[in-house]
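What follows is a set of notes on a single structure, which appears directly below.
Residue numbers (our numbering), protein chains in the order written: chain A, 1211 to 1451; chain B, -11 to 299.
Have a look at this one:
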């Protein structure tokens, strides 16, 4: 389900502060459209991770309005939030794999949370692990995996349930350039199937690797729009995606 | 590439299932912590307290039923011949009454046998013997009431002036009061132990929450509901409570059985009346089951309460 203007996410004058500190995000307003590919860039400490936390519903803003899937997620009852979270795939910057589960079980986690029968889990999870090159490491625990391998497990977990929005925080930070490109291709494939992708990165080379991507730039908590990605109503070519 | 997304044809439920394989994700450390042992001790103490309360109830009920219609008539006459005559008259009169079910004259030999250890043989025989009242054990149809007692006293006084009538229940009144107090004490102990068990489970659940905060946060952000996450802990704590409860039941029941067999050796009719019946044992067996339910509910409330503080 999308909003009235066809958008899947809409931030309106959103501000975020932790405790009584100054705002880490100020007056953030943008719209994301279904099937678009966005890069979120900015220097370290610009507020990228905070913005992503708002996007994957780990945090409520201090002010402003956030609408996702046509619903105001600030005022929605807390009990309804898990259903929204299941529509969002997240690649955490620090991977956040469950330490006592194998790579296979970590990837299968979103499916199990969604109640997919066990008989329907094995094949897609095995395929996904093969695709990220970890089919031989399916039974390995996160502690025995390298940083790059953990990151690939985290990405596999984020995309396994075909989320409507994929949010990735520096997803290629710990992999070699070849694997980084491969993972971006996975995101693109998912994007072509209709998933809205938001990738936070400070790697400017990555931005050129995805054609038709739109760029959101954060600077000390404020958003700029170098590609017109956030304009509302959207440019015709953005709206057409 | 398409193979990767073969999941696209799979129906993913957006609403959390009531039951699901997520239950397997709990980081179980079964029997590793102190929880099963704490629960075993709590259940053992609860079984002993409840068993004692039930035994006291049985004892009071049986003793009360036994003496409910009981009266004791004493013939307080110093002269042996007159005492004998009055005792026979009293027995004869009581046997004519419709409301009297049974009249038994306690044989003098039995009275002497009871008193001999205290007074000595010389005090009970010969010319210097102290006078011992004649005792008549009477059982009325139905319970003894104050009105019936007064009416019986009046009818007997005319025939046997030295007769004194007492309801047996009257002597044991303070004993029954004490038994009732002990039953309340046992009930209070059961309630306190249940509260202590719930507190122990609350602490264990909070500790488990703290120890698994990272995992919980991940599962939470992947869209698990509070109910799904709480179930992970419920299962773990229910397992600990079941093992602890079983051990506690065996310990408590063993202690009760040992105490029961020691009391049975006393050979006292009153104490034997406190024996536990099949229904009592069934109730004691239900205690660990109630313990598991209490532990599971406490774990659920604790975990759900903590999760509500997260977005």
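Quick reminder that beta carbons are idealized off the backbone N, C-alpha and C, glycines included.
Q: Run down chain A in chain order and give the residues with a C-beta less than 8 Å from the C-beta of residue 212(B).
A: Mapped onto the second chain, residue 212(B) falls at position 224. Those within 8 Å of residue 212(B) in chain A are 1292, 1323.
Q: Helix, strand or coil for residue -7(B), going by three-state DSSP, please let me know.
A: Within the second chain, the letter at position 5 stands for residue -7(B). Residue confidence is low: residue -7(B) scores 45 on pLDDT, short of 50, so the model does not pin down where it sits. No coordinate-derived value is stated.
Q. Taking buried to mean at least 16 other C-beta atoms within 10 Å of its own C-beta, is residue 1183(A) buried or exposed?
A. Because chain A is modelled from 1211 through 1451, residue 1183(A) falls outside the range shown and cannot be assessed.
**Q.** Under 8 Å by beta carbon: chain B residues contacting residue 1266(A)
**A.** The count along the first chain starts at 1 and reaches residue 1266(A) at position 56. 209, listed in chain order.
Q.
Excluding the 5 residues flanking residue 1403(A) on each side, which residues of the same chain have their C-beta closer than 8 Å to its C-beta?
A. Your numbering for residue 1403(A) matches position 193 in the first chain. 1372, listed in sequence order.
Q: Spell out whether any CB of chain A is found under 8 Å from the CB atom of residue 206(B).
A: Here residue 206(B) refers to the residue found at position 218 when the second chain is read from its first residue. Closer than 8 Å: yes.
Q.
Taking the alpha carbon of residue 167(B) as the reference point, which residue from 32(B), 22(B), 48(B) has its own alpha carbon closest?
A. As a working note, residue 167(B) is residue 179 in the second chain. Considering only alpha carbons, the answer is 48(B).
Q: At 8 Å on the CB atoms, spell out the chain B contacts of residue 1320(A), in chain order.
A: Sequence index remark: in the first chain, residue 1320(A) carries index 110 (1-based). Chain B residues near residue 1320(A): 210, 211.
(Q) Going by DSSP, what residue range makes up the beta strand (DSSP E) through residue 60(B)? (A) As a first step, residue 60(B) is located in the second chain; it is residue number 72 there, counting from the start. Note, residue 60(B): beta strand (DSSP E), 58 to 63.
(Q) I'd like to confirm the pairing. Which residues does DSSP put opposite residue 1241(A) in its beta bridges? (A) Looking up residue 1241(A) in the first chain gives position 31. The partner list for residue 1241(A) (beta bridge, DSSP) reads 1220(A).
Q. With respect to the beta strand (DSSP E) encompassing residue 1274(A), which residues constitute its N-terminal and C-terminal limits?
A. By 1-based counting over the first chain, the position of residue 1274(A) is 64. That run of the beta strand (DSSP E) goes 1273 to 1278.
Q.
When you compare the CB positions of residue 178(B) and residue 34(B), do they come within less than 8 Å of one another, or not?
A. On the second chain, residue 178(B) is found 190 positions in, with the first residue counted as 1. On the second chain, residue 34(B) is found 46 positions in, with the first residue counted as 1. The answer is yes: Cβ separation under 8 Å.
Q) Roughly how many angstroms lie between the CA atoms of residue 1296(A) and residue 269(B), to the nearest whole one? A) As a position in the first chain, residue 1296(A) is number 86, starting the count at 1. As a position in the second chain, residue 269(B) is number 281, starting the count at 1. Using only the alpha carbons, I get a separation of about 50 Å.
Q. Near residue 228(B), what residues of its chain come up, given a Cβ to Cβ distance below 6 Å and the 5 sequence neighbours on each side ignored?
A. Taking the first residue of the second chain as position 1, residue 228(B) is located at position 240. Within the same chain, residue 228(B) has close Cβ partners 23, 24.
**Q.** Integer-rounded CB distance, given that residue 1272(A) should sit under 8 Å from residue 1229(A)
**A.** The residue given as residue 1229(A) occupies position 19 in the first chain. The residue given as residue 1272(A) occupies position 62 in the first chain. 10 Å between Cβ atoms; not a contact.
Q: Determine the closest residue to residue 1293(A) out of 260(B), 221(B), 211(B), 243(B), with distance taken between C-alpha atoms.
A: As a first step, residue 1293(A) is located in the first chain; it is residue number 83 there, counting from the start. Taking only the C-alpha atoms, the option nearest residue 1293(A) is 211(B).
**Q.** residue 1301(A) in three-state terms, based on DSSP
**A.** Locating residue 1301(A) in the first chain gives position 91, where the first residue counts as 1. Note: residue 1301(A) maps to strand in three-state DSSP.
Q) In the region 178 to 203 of chain B, which residues sit with their C-beta less than 8 Å from some C-beta in chain A, listed in chain order? A) 202, 203
Q) In this structure, does DSSP put residue 90(B) in helix, strand or coil? A) On the second chain, residue 90(B) is found 102 positions in, with the first residue counted as 1. In this structure, residue 90(B) counts as strand in the three-state DSSP scheme.
Q: From the DSSP output, in three-state form, read off residue 1406(A) for me.
A: Translated into the one-based positions of the first chain, residue 1406(A) becomes position 196. Correct three-state label for residue 1406(A): strand.
Q. Which residues in the same chain as residue 230(B) place their Cβ atom closer than 6 Å to its Cβ, once the five residues preceding and following it in sequence are excluded?
A. Mapped onto the second chain, residue 230(B) falls at position 242. Counting only Cβ-Cβ distances below 6 Å, and skipping sequence neighbours, we find 280.
Q | Ranges of the beta strand (DSSP E) found wholly within the region 123 to 183 of chain B, counting only runs of at least 3 | A | You should have 151 to 155.
**Q.** C-beta atoms of residue 80(B) and residue 240(B) nearer than 8 Å
**A.** Here the question's residue 80(B) lines up with position 92 in the second chain. Here the question's residue 240(B) lines up with position 252 in the second chain. No; because the gap between Cβ atoms is not below 8 Å, this pair is not in contact.
**Q.** Nearest candidate by alpha-carbon position, reference residue 1389(A), set 1361(A), 1374(A), 1319(A)
**A.** Your numbering for residue 1389(A) matches position 179 in the first chain. Residue 1389(A) has its Cα closest to that of 1361(A), out of 1361(A), 1374(A), 1319(A).
**Q.** the region 97 to 105 of chain B contacting the region 138 to 146 of chain B, beta-carbon criterion three pairs below 8 Å
**A.** Contact between the region 97 to 105 of chain B and the region 138 to 146 of chain B is absent, because fewer than three Cβ pairs lie under 8 Å.
Q: For residue 1426(A), write down the residues that DSSP places opposite it in a beta bridge.
A: The residue given as residue 1426(A) occupies position 216 in the first chain. In the DSSP output, where bridge partners are listed per residue, residue 1426(A) has 1250(A).
**Q.** Nearest neighbour of residue 218(B), chosen from 38(B), 71(B), 200(B) [CA to CA]
**A.** Taking the first residue of the second chain as 1, we reach residue 218(B) at position 230. For the residues 38(B), 71(B), 200(B), the minimum Cα distance to residue 218(B) belongs to 200(B).
**Q.** Nonlocal neighbours in the same chain, by C-beta distance under 8 Å from residue 202(B), ignoring five residues either side
**A.** Taking the second chain and counting its residues from 1, the one referred to as residue 202(B) is at position 214. Here the set comprises nothing.
Q: For residue 35(B), name the three-state secondary structure that DSSP assigns.
A: Counted from its first residue, the second chain places residue 35(B) at position 47. Three-state DSSP puts residue 35(B) in a helix.
**Q.** In chain order, each beta strand (DSSP E) run of at least 3 residues that lies wholly inside the region 258 to 286 of chain B
**A.** Positions of the beta strand (DSSP E) runs, each at least 3 residues long and wholly inside the region 258 to 286 of chain B, cannot be given because no such run exists.
Q: Would you grab the beta carbon distance between residue 1263(A) and residue 1317(A) for me? Rounded to a whole angstrom, and I think it's under 8 Å.
A: Within the first chain, numbered from 1, the residue matching residue 1263(A) stands at position 53. Within the first chain, numbered from 1, the residue matching residue 1317(A) stands at position 107. Incorrect: roughly 23 Å between the Cβ atoms, too far for contact.
Q) Is the distance from the Cβ of residue 1234(A) to the Cβ of residue 1260(A) below 8 Å? A) In the first chain, the residue the question calls residue 1234(A) occupies position 24. In the first chain, the residue the question calls residue 1260(A) occupies position 50. Contact flag set, yes.
Q: Please classify residue 1324(A): does DSSP put it in a helix, a strand, or coil?
A: Taking the first residue of the first chain as 1, we reach residue 1324(A) at position 114. Correct three-state label for residue 1324(A): coil.
Q) Per the contact definition of three or more C-beta pairs closer than 8 Å, is the region 1408 to 1423 of chain A in contact with the region 1374 to 1384 of chain A? A) yes
Q: Determine contact between the region 1416 to 1426 of chain A and the region 1244 to 1252 of chain A, defined as no fewer than three beta-carbon pairs at a distance below 8 Å.
A: yes
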